[in-house]
Each structure stands twice: as structure tokens, then as C-alpha cells.
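A.B. asks:
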Amino acid sequence: MTDLSRRTVLSAGCAMLTSALPGAALAKPTIALPGDVAQRDAATVMAVRTRSPVVGMTFDDGPHPRLTPLLLDMLKARGLRATFYLIGNRVVTWPEIVRRIHEEGHEIGNHSWSHPDLSRKSDAQVLSEIDRTTNAIFKVTGRPPVTFRPPYGSFTRRQRLMLYKARNLPTILWSVDPQDWRRPGASAVASRILQGSRPGAIILSHDIQSGTVKAMPRTLDGLSSRGLKFGTISQMMGWPLWQSRQFRRVVQPG
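Now the structure itself:
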């Protein structure tokens, strides 16, 4: 695991699942958080213990009108899948990009409506942020997200358990953080991801950062050259591919 960053120190977790990619049986994750007593539950995932050499490349805070399409071109050229944690108010602003993410086989996760520090919000405010985003994604893609990532990683254990109980959404954190939000440059972003990634890693990055997108050719090719495969979060969890899941309805109105 990498050192805790500004983003993880607020709600840093460690969850290990046992799976092969795809479709394996899962063990319950164990989470251990600063200030929390280690518990066994399925509410928080930071990495996946897997029999397959697979990593989860995730991109937060999009879509970006210029950078996200460039990133999608890179992924398409390499035949790779990733998971995009989208902000709801950006989903409704650039629905055509969201539609492309879905149609090209990537997974879309919920990253809140307006990117607030949710640890400072009431449960009703938290659910409103999440439900509004779920419905925005559903309206564009025809399916709701099945995982959630909190802005800044700032989400208490009580909130994670509340969300899992109320909406059946696990909170997905990360095990590799290149701190690209500090804009260290493309070379540093690529080096940090390549150095920190192991089978089962969930990699945090941001497709709203130009340095991150510039880092991706070296990053993606470097991970591939080590024999690592790329899975969406659903695939890593042993779930059906997001595009193939059957949904009866959107979970909540909003």
C-alpha cells in the first residue's frame, strides 16, 4: 500500500477481497481505518486480493470536455477498460461523453453531484448528492452505478455503512495514489503508478488533469508490459460486467 495522501488520510481504508477475474466467489473484506476498530463488512474496498494479474484503473472528477475524449482514445487503441467516477453536474453538462464511456465498455461509478466534503453533511444530504448523480447517469446510460467513491476520500465509517445499507453501494477507495491533483507532471504520475501497482491494486487518477492524461501512454503500456491486465471495478469484484447487468429500476427518485 502507498503512504496515506491528503485524500486518503480523511477516510483511509484497507479492504481485501478474494477473487479471480471475472466471476469469482468473494470473501468479505476487512477494513481497518484510523479511529475505527477493524471490522468485517462489505462497505469499503481499497484493493482486491486476486488470483489474476489484474489492476483497476480509475479516473475521478470527469467528464472533462477535452481530456476525457483523449483518454478514451488511448484506452480504445489498447483495448483496455477502466472505471470512471463521474460528478453528477458534469454528467448532465456533457452527456455525450458519458454515453461514449458507457458504449466503449468502461464502467461508470458515482462520485457525488457537486464534489463536497461529505463527511460534513447529514445523511439526507449525502443521499441526495448520491441519488441525484445515480439518476443523471441512469438517464444517459440506462443503468445506475453500482459503486460509489467519496470526494477526497472523505467519508466516515458510519457513513459508509449507512450508504451500503440504504443503497447497497460499496465505497471504493484506492491503494495507489500518484497525487496527480498536485500536478507533479506526467513523468512523476506515470512513475508513481508504475512503482506502486501490484496485482489487485485500485489506482486513483483524475482525467481532469492534463498531466495525468499525458502520463497514460507510458502508464498503460508499462503496466501491460509487466503482464498486468485491466479490469473494471465490477470485474475485479467478481460481478457481471456493468453493461451486461440487468436493472429493474433506478434506486431512488431525485
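Residue numbers (this note's numbering): 5 to 258.
Note that the Cβ used here is the ideal one computed from N, Cα and C, for glycine as well.
Spell out the partners DSSP gives Glu-111 in its beta bridges.
C.D. replies: Thr-87
A.B. asks: CB Thr-62 to CB Tyr-89, shorter than 9 Å?
C.D. replies: Yes, the pair counts as a contact, with Cβ atoms nearer than the cut-off.
A.B. asks: From His-106 to Thr-137, what distance separates their C-alpha atoms?
C.D. replies: One alpha carbon belongs to His-106, the other to Thr-137, and they sit about 15 Å apart.
A.B. asks: Identify which residue in Gln-163, Asp-225, Gln-247 and Gly-60 has its Cα closest to the Cα of Ala-128.
C.D. replies: Gln-163
A.B. asks: Take the Cβ of Asn-139 as the centre, count every other Cβ of all protein chains shown within 10 Å, and call the residue buried at 16 or more, exposed below.
C.D. replies: buried
A.B. asks: Could you compute how far the alpha carbon of His-110 sits from the alpha carbon of Trp-246?
C.D. replies: 8 Å
A.B. asks: Rounded to a whole number of angstroms, what is the C-alpha to C-alpha distance between Pro-99 and Gly-200?
C.D. replies: Roughly 33 Å between the two C-alpha positions.
A.B. asks: What number of angstroms, rounded off, separates the C-alpha of Ser-228 from the C-alpha of Leu-198?
C.D. replies: 10 Å
A.B. asks: In or out: Ser-118 buried (at least 16 other Cβ within 10 Å) or exposed?
C.D. replies: exposed
A.B. asks: Going by DSSP, what residue range makes up the beta strand (DSSP E) through Val-58?
C.D. replies: Run containing Val-58: 58–64, per the beta strand (DSSP E) assignment.
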